[in-house]
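Each remark here refers to the structure printed beneath this line.
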Amino acid sequence: MHPLTFTADDGELLHLWRHGESGPAIVLLHGWTASHLEWSPFIHDLASHFRLFRWDARAHGGHPARTSTVATAARMARDLQQMIEAFDLAGACFVGHSMGALTLWQYLRDFGAARIGSLCLIDQSPKLVTDDEWKLGIYGDFDAGRSARFVAELREDFAEGVLRLAAHGLNDAAREGYAADGRGWQRVRDALRALAPDPLIACWQDLVSLDLR
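Mapping to the working numbering: the sequence shown position 140 is 1223, numbers consecutive.
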């Protein structure tokens, strides 16, 4: 594993980790509130065949911020473009989970597909907020009112708000796990409490404003 950094054009220092010494490049983009560690279960097997690059997106990973720039999808897409240039990643396979997928859609809109070898988008709608004509957002039932209430929950108790969003969806096992409050949920809660809430809330508010259909 090789820890790397690059400085974005606004002065923010961004962190990434490289694995594997040969083979095609794969760039792994994690979800909201997560970090490069999201991909850890897959690294050992993939690094035998590929060069892997997994970043901590701006405002994620618990790194001290150098700037006050909001981690919007457009800003993260710009960061990705600069990462591609810094590490010669044109033609790579780009894998985005959740927020990572939104970042890739925004990248395509802003920078086109010339540097993209292939895409893999995991578990993400191009529009998070539902309305009368769009039911394919979060859980099929996340309208503007629910979105606003969620932001209020985040401001009151960030970690618990994130956990409740994960628990109170369409997954019965998640709901039961949250109610039981086992060690796994407690570990995630502790990790979320270690993060600075305000930059992540600002990031979320941008994500729910997007319509990338």
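Ideal placement from N, C-alpha and C gives every residue a C-beta, glycine not left out. On a predicted model such as this, the values are computed, not experimentally measured, just so you know.
Euclidean distance between Cα positions of residue i and residue j
i        : j        : result
Trp-1217 : Gln-1207 : 14 Å
Arg-1232 : Gly-1179 : 27 Å
Leu-1290 : Leu-1185 : 8 Å
Ala-1250 : Arg-1101 : 32 Å
Asp-1162 : Pro-1107 : 21 Å
Pro-1124 : Gly-1267 : 16 Å
Gly-1252 : Val-1271 : 17 Å
Leu-1087 : Phe-1241 : 29 Å
Leu-1237 : Leu-1278 : 12 Å
Gly-1228 : Val-1234 : 10 Å
Asp-1224 : Ser-1292 : 16 Å
Gly-1244 : Arg-1134 : 36 Å
Leu-1310 : Glu-1259 : Any property of residue 1310 remains undetermined from this structure, which presents the chain solely from 1084 to 1296.
Gly-1183 : Leu-1295 : 13 Å
Ser-1105 : Glu-1168 : 19 Å
Ala-1285 : Glu-1239 : 14 Å
Arg-1247 : Asp-1214 : 22 Å
Tyr-1222 : Asp-1193 : 28 Å
Check: residue i C-beta below 7 Å from any heavy atom of the ligand HEM
i        : result
Ser-1230 : Absent from the structure shown: the ligand HEM. Ligands present: none.
Beta-ladder partner(s) of residue i, from DSSP
i        : result
Thr-1088 : His-1098
Ala-1175 : Ile-1199
Leu-1111 : Arg-1137 and Val-1178
Leu-1219 : For Leu-1219, which the question treats as bridged, DSSP gives no partner whatsoever.
Leu-1237 : Per DSSP, none; premise fails for Leu-1237.
Leu-1204 : Gly-1179
Asp-1214 : Trp-1217
Segment limits, alpha helix (DSSP H) that includes residue i
i        : result
Val-1245 : 1241-1250
Asp-1057 : With the chain covering only 1084 through 1296, there is no way to say anything about residue 1057.
Ala-1285 : 1280-1290
Gln-1165 : 1156-1170
Arg-1297 : In the structure as shown, the chain begins at 1084 and stops at 1296. Residue 1297 is therefore absent and cannot be evaluated.
Arg-1266 : 1266-1276
Leu-1129 : 1123-1129
Ala-1257 : 1255-1263
Exposure label - residue i; buried when at least 16 CB within 10 Å
i        : result
His-1085 : exposed
Glu-1095 : buried
Ala-1154 : buried
Thr-1090 : exposed
Leu-1219 : exposed
Gly-1145 : exposed
Ser-1181 : buried
Thr-1116 : buried
Ile-1205 : exposed
Gln-1189 : buried
His-1132 : exposed
His-1113 : buried
His-1143 : buried
Legend entry - Sufficient close CB pairs (3 or more, under 8 Å) joining the segment 1139-1146 to the segment 1113-1125: yes
Inset, instruction - Please confirm if the segment 1161-1175 is in contact with the segment 1190-1204, defined as three or more CB-CB distances below 8 Å between the two stretches. - result: yes
Legend entry - Three or more C-beta pairs below 8 Å linking the segment 1148-1166 and the segment 1251-1267: no
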